[in-house]
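Whatever position you read off the sequence shown (first residue = 1), add 1 for this note's numbering. The structure under discussion appears below in the form of structure tokens.
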Amino acid sequence: MNFIKKIAADLLFKKIGPTGASYRTLKKEYALSSEFVYKNKMPELLKYCYDNVPYYRQILIEQGIKNSEEITLDSISLLPLLTKEIIQRNANDLKSSDITHIKHNTNTSGGSTGSPVEFLQDEPFNVSTRSIKVIMDENVGYTVGQKKMLLWGSERDLFYGKEPLQVRVMKAIKNERWFNSFMMDDRQFAACIEWIETHSPQMILAYVESIYEVSRFINSSRQPITNVNVIMTTAGTLTEAFKEEIQRAFPNAELINRYGSREVGDVACTCSQLDAMVVSHMTQYVEVLDENGKHVNEGEIGEVVVTNLINRVMPLVRYRIGDMAIYGGEREGKVLLKSVIGRTSDIFINDKNQKIHGEYFTHLFYGLDWVAKFQVRQVSTKKIIVKIVSSEHSRYKSELNEIVNKIKFVMGEHCVVELDFVDHIESTASGKYRYTISEVS
Numbered sequence: 002m003n004f005i006k007k008i009a010a011d012l013l014f015k016k017i018g019p020t021g022a023s024y025r026t027l028k029k030e031y032a033l034s035s036e037f038v039y040k041n042k043m044p045e046l047l048k049y050c051y052d053n054v055p056y057y058r059q060i061l062i063e064q065g066i067k068n069s070e071e072i073t074l075d076s077i078s079l080l081p082l083l084t085k086e087i088i089q090r091n092a093n094d095l096k097s098s099d100i101t102h103i104k105h106n107t108n109t110s111g112g113s114t115g116s117p118v119e120f121l122q123d124e125p126f127n128v129s130t131r132s133i134k135v136i137m138d139e140n141v142g143y144t145v146g147q148k149k150m151l152l153w154g155s156e157r158d159l160f161y162g163k164e165p166l167q168v169r170v171m172k173a174i175k176n177e178r179w180f181n182s183f184m185m186d187d188r189q190f191a192a193c194i195e196w197i198e199t200h201s202p203q204m205i206l207a208y209v210e211s212i213y214e215v216s217r218f219i220n221s222s223r224q225p226i227t228n229v230n231v232i233m234t235t236a237g238t239l240t241e242a243f244k245e246e247i248q249r250a251f252p253n254a255e256l257i258n259r260y261g262s263r264e265v266g267d268v269a270c271t272c273s274q275l276d277a278m279v280v281s282h283m284t285q286y287v288e289v290l291d292e293n294g295k296h297v298n299e300g301e302i303g304e305v306v307v308t309n310l311i312n313r314v315m316p317l318v319r320y321r322i323g324d325m326a327i328y329g330g331e332r333e334g335k336v337l338l339k340s341v342i343g344r345t346s347d348i349f350i351n352d353k354n355q356k357i358h359g360e361y362f363t364h365l366f367y368g369l370d371w372v373a374k375f376q377v378r379q380v381s382t383k384k385i386i387v388k389i390v391s392s393e394h395s396r397y398k399s400e401l402n403e404i405v406n407k408i409k410f411v412m413g414e415h416c417v418v419e420l421d422f423v424d425h426i427e428s429t430a431s432g433k434y435r436y437t438i439s440e441v442s
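Here is the structure:
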């Protein structure tokens with residue numbers, strides 16, 4: 002049965018129809034250097050924007066571009082960075098003038114703060130996102146149709162109640178078993194682990210937070226699980242502490258991180274041979290910029306800015322995705338990210354205008370088994386609110402005082418640190434869990 006599923010999945014995703022054509026094209030481009038691909042695809046995208054997208058056309062005209070034939074790869078530097086606020090203000094002007102002839106859908110993004118932002122995505126974009134996932138999976142040894150478990154937590158990606166027949170058939174063909182991490186307790190953890198032990202999936206695809214919680218459950222009450230080859234995490238920052246917990250629970254599994262967003266699709270994925278995340282140069286042009294908008298050097302931290310090379314109905318050019326990463330340079334024709342280290346809103350600012358990365362605060366909770374969950378939020382340079390889920394906090398007053406003192410050490414003695422003991426901390430609508438949030442940065 003698994004052999005039949007593998008053949009069917011191979012046909013659907015690699016051989017026939019638009020998805021098969023997209024897969025073959027992107028697979029060929031993956032073998033080419035990023036420089037070669039960008040020299041062809043970027044001018045093509047920018048010319049389309051000049052001819053069809055009013056927002057970009059106006060800016061390029063103001064920058065002295067008289068017609069689309071003058072556009073080159075370097076023309077991208079003429080465009081300012083694109084933010085969600087700009088998109089909200091210029092939504093109509095960012096849409097293609099040819100929109101009535103383009104099959105497309107609406108997607109949203111917004112996270113836990115602010116109003117959701119709507120994005121239009123066309124069929125070639127949607128097809129390419131499926132193909133890129135197949136290619137990224139293949140690069141870590143998984144072939145579509147092999148057994149896979151998904152530990153997912155997005156309201157927008159999970160169906161509640163009865164799924165449509167088409168969805169159930171597709172999951173069956175892809176040989177996937179889904180667990181909803183929005184509805185997990187000890188009983189569901191046990192059921193999930195039992196399924197893994199019984200079925201030996203080739204890959205587990207999971208939200209970082211979800212597989213971390215499963216791993217904590219395993220490490221606290223079970224023997225390590227040794228029959229999984231690959232664990233691919235997404236939708237969160239894979240910190241060293243998370244890696245240690247997951248690898249302790251799944252010692253034989255290769256741990257991979259896939260990075261992307263709803264707005265632009267998958268951006269990069271871990272490559273063990275290069276010891277870095279390889280950017281999907283076939284579909285994304287990635288810049289890592291400093292505070293002045295200049296490219297950082299290899300090994301330096303900067304803000305991730307992404308241009309999707311596929312979507313035409315509402316192109317996102319130089320989009321501030323909201324993450325920070327360590328630029329990994331270029332090797333073997335590939336653009337690399339050493340690691341994605343968190344959201345731009347994970348940067349805290351004290352009253353001396355010094356910047357403290359959010360991971361400083363997460364480290365304060367490592368090894369504290371009596372803390373089920375936590376979230377550190379900066380309200381101002383003078384106030385920090387720490388939410389803690391714990392049924393035993395009253396027994397750990399000295400440890401709590403130490404946390405407060407260490408926060409004051411970096412934020413300043415005059416900073417008020419408020420401890421808020423709660424029963425539950427919400428994830429965002431897309432299933433991401435935010436450990437640190439700064440409303441100041």
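C-beta: ideal position from N, C-alpha, C; glycine also. All values reported here derive from a predicted model rather than from experimental measurement.
Collapsed DSSP secondary structure at residue i in the structure displayed
i    : result
L159 : Low confidence applies here, because L159 scores a pLDDT of 48, under 50, leaving its location unreliable and the question unanswered by this model.
A192 : helix
N106 : strand
K40  : helix
V411 : helix
K398 : helix
A277 : strand
I66  : coil
I136 : helix
T114 : Low local confidence applies: a pLDDT of 36 at T114 is under 50, so the model's placement there is unreliable, and no value is given.
T144 : coil
T238 : coil
T271 : strand
V390 : strand
A92  : coil
D186 : coil
S78  : helix
S211 : helix
N228 : coil
R169 : helix
T73  : coil
Assigned exposure category for residue i - 16 Cβ within 10 Å defines buried
i    : result
F160 : Confidence in F160 is poor, its pLDDT being 47 and thus under 50, which makes the residue's placement too unreliable to answer from.
L275 : exposed
G300 : exposed
D138 : buried
F180 : buried
P252 : exposed
E70  : exposed
E288 : buried
K42  : buried
T240 : buried
N93  : exposed
G162 : Reliability fails at G162, whose pLDDT of 49 lies under 50, so the model's placement of it is uncertain and the value that follows must be treated cautiously. That one is exposed.
F410 : exposed
L121 : buried
P316 : buried
E63  : exposed
L375 : A small correction: the amino acid at residue 375 is Phe; Leu does not occupy that position in the sequence shown. When all chains shown are included, F375 counts as buried.
One or two residues paired with residue i in a DSSP bridge
i    : result
Y320 : L83, V307
V380 : Bridge partners of V380: none, in fact.
S435 : Sequence inspection shows Arg at residue 435; the Ser mentioned does not correspond to that position. Paired residue(s): none; R435 is not in a bridge.
L151 : W179, L206
H296 : L290
Y328 : L338
H358 : I348
G443 : In the structure as shown, the chain begins at 2 and stops at 442. Residue 443 is therefore absent and cannot be evaluated.
M233 : L206, I257
I385 : Q379, V418
I302 : I327
Alpha helix (DSSP H) segment containing residue i, residue limits
i    : result
V314 : Run containing V314: none; DSSP gives neither H nor E here.
M283 : Note, M283: premise wrong, no alpha helix (DSSP H); not H, not E.
R344 : First-last for R344: 335-344, but that is the beta strand (DSSP E), not the alpha helix (DSSP H).
L369 : L369 -> no alpha helix (DSSP H), and no H or E assigned at all.
E119 : Careful: E119 lies outside any alpha helix (DSSP H), inside the beta strand (DSSP E) at 118-123.
A242 : 241-250
L61  : 55-63
Beta strand (DSSP E) segment containing residue i, residue limits
i    : result
G261 : 255-262
S23  : Not the beta strand (DSSP E): S23 falls in the alpha helix (DSSP H), residues 18-32.
E1   : Residue numbering for the chain in the displayed model covers 2 to 442; residue 1 lies beyond these limits and cannot be assessed.
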